[in-house]
Amino acid sequence: MSSIPEKQENKKQVLTLNELSKRKVVEHNSLITSIAKMDKTPLKMFELAVSCINTEEPPKDNIVYLSKRDLFAFFKVSDNDKHSRFKEAIEKMQKQAFFQIKEEAGKGFKFKSIVPIPYVEWTDYHDEVKIEFHREIMPYLINLKKNFTQHALSDIAELNSKYSIILYRWLSMNYSQYEHYSTKGGRRAEQVESYRNPSISIKELRIMTDTVNDYERFQSLETWILKKPIEEINAHTHFNVTYDKIKAGRSIDSIVFHIEKKRTADDNSYKLDDQAYIEDKKQKEETEKDLVFEAMKSKYTQILLENMMLSPYEMTDTALMAGLQAHVYPLYDELKDLRGLNGVKDHLSYVASKQEDYSKRNIAKYLKKAIEQYLPTVKRQDLS
1 MSSIPEKQEN KKQVLTLNEL SKRKVVEHNS LITSIAKMDK TPLKMFELAV SCINTEEPPK
61 DNIVYLSKRD LFAFFKVSDN DKHSRFKEAI EKMQKQAFFQ IKEEAGKGFK FKSIVPIPYV
121 EWTDYHDEVK IEFHREIMPY LINLKKNFTQ HALSDIAELN SKYSIILYRW LSMNYSQYEH
181 YSTKGGRRAE QVESYRNPSI SIKELRIMTD TVNDYERFQS LETWILKKPI EEINAHTHFN
241 VTYDKIKAGR SIDSIVFHIE KKRTADDNSY KLDDQAYIED KKQKEETEKD LVFEAMKSKY
301 TQILLENMML SPYEMTDTAL MAGLQAHVYP LYDELKDLRG LNGVKDHLSY VASKQEDYSK
361 RNIAKYLKKA IEQYLPTVKR QDLS
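With our numbering applied, the sequence shown corresponds to residues 1 to 384, in that order.
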């Protein structure tokens, strides 16, 4: 008799598609930066299952329930072969899919390989799907007090590439830290900005996307790991993302992403009559004024004028001057610490001689890219 009420309780946990579209996926950052040894379908199914976990009251048996009908709708599967395809996806997930997690431990690292969902149960005559998480994956999904990221399940639903999902999760992790420290403080301004403009080496990018032995030519890597995924992310998620390639010598050494959050008409947090938005806007205006004031006094502005890389007219552009002070001049400070003020002058003299016509349309971005490419070389020279 005890099994009947238990089954009734289980049915109550089955979520509808409408509820799924509103859910969030919450994961520890170690899981986001792990290597996902699986293709897009198991990865999306894992994200879907994670969104069903109530983090305030996590399931004691590590089990969640999904509606088969809504699961097919989530994956936009409507053909007659959907049941066999579902079975094939489940089998592939359990036989091939796992996360390879790297964590600091003592003086080195600890490596874990975890099959996230070892048990799935369903019938051909019932709509309910039972999903049981492996006990070892649960610490990365529940009782998360710090170093975790939350993102919208609806964003994941529209991504059709494994690399799009991996990159989106990583970008979300960085942007979440930007939002947190922008509001709460606790980081220097340049550190906060680095979360909105995160950098990753090509080596790290290959490891994270499990492409160490794939796409040997950078052009192919860029097409499949950067260009196409970012097109998907920009089209289907809450982010607009661009990136710059940073060179070390003649080869591409790393990628710097630039993340902006979309503002939608129905997003209350950005309505003009929303008090929080108004206060935030006022704060940003005050910050911009301070940055412009500092930029006007800066010795770097004078050097740019002397090299004709900045005109008196452009100095009336408050957004440009604030951008230089916030994103470019701190990097010049680093160079000055290494080579003195003359080192900065020599760098800008060289950049001016190589300046391309297009750079005038975005001089701050051009200068930032130039110093980001030059600084690693200077640092390596000092180490040798």
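Glycine residues also receive a C-beta, built at the ideal position from the N, C-alpha and C atoms.
{"Check": "Three CB pairs or more closer than 8 Å across the stretch 40-49 and the stretch 149-167", "Outcome": "yes"}
{"Check": "Whole-Å CB distance - Ile90 paired with Val50, under 8 Å assumed", "Outcome": "Contact flag wrong, Cβ pair sits at about 16 Å."}
{"Check": "Separation of Tyr168 from Val433, as counted between CA atoms", "Outcome": "Outside the displayed range of the chain (1 to 384) lies residue 433, so it cannot be described from this structure."}
{"Check": "For His386: DSSP bridge partner residues", "Outcome": "The first residue shown for the chain is 1 and the last is 384, placing residue 386 beyond what the model contains."}
{"Check": "CB of Tyr175 within 8 Å of CB of Ile259, strictly", "Outcome": "yes"}
{"Check": "Distance between beta carbons of Glu334 and Leu375, contact taken as under 8 Å", "Outcome": "6 Å"}
{"Check": "Same chain, Cβ closer than 6 Å to Val77, five either side skipped, listed in chain order", "Outcome": "none"}
{"Check": "Test item: CB-CB of Lys261 and Phe293 under 8 Å", "Outcome": "no"}
{"Check": "First through last residue of the beta strand (DSSP E) which encompasses Ala152", "Outcome": "148-152"}
{"Check": "Buried or exposed by the 16-neighbour rule on C-beta atoms within 10 Å, applied to Met321", "Outcome": "buried"}
{"Check": "Span of the alpha helix (DSSP H), counted from its first residue to its last, around Ile424", "Outcome": "Since the displayed the chain opens at 1 and closes at 384, residue 424 lies outside it and no answer follows."}
{"Check": "Inter-residue spacing [alpha-carbon to alpha-carbon] between Ile233 and Trp170", "Outcome": "12 Å"}
{"Check": "CA-to-CA distance, Met296 to Asn29, given in whole angstroms", "Outcome": "40 Å"}
{"Check": "Reduced DSSP category for Lys102 - H, G, I as helix; E, B as strand; rest coil", "Outcome": "strand"}
{"Check": "Cβ-based neighbour list, Met308, same chain, cut-off 6 Å, excluding 5 preceding and 5 following", "Outcome": "none"}
{"Check": "Nearest-angstrom beta carbon gap, Ser199 and Ser251 [assumed within contact, 8 Å]", "Outcome": "Not really, about 16 Å apart at Cβ, beyond 8 Å."}
{"Check": "Buried versus exposed, by CB contacts within 10 Å (16 or more), Pro116", "Outcome": "buried"}
{"Check": "Cβ shell of Asn80 (< 6 Å), same chain only, five flanking positions each side left out", "Outcome": "none"}
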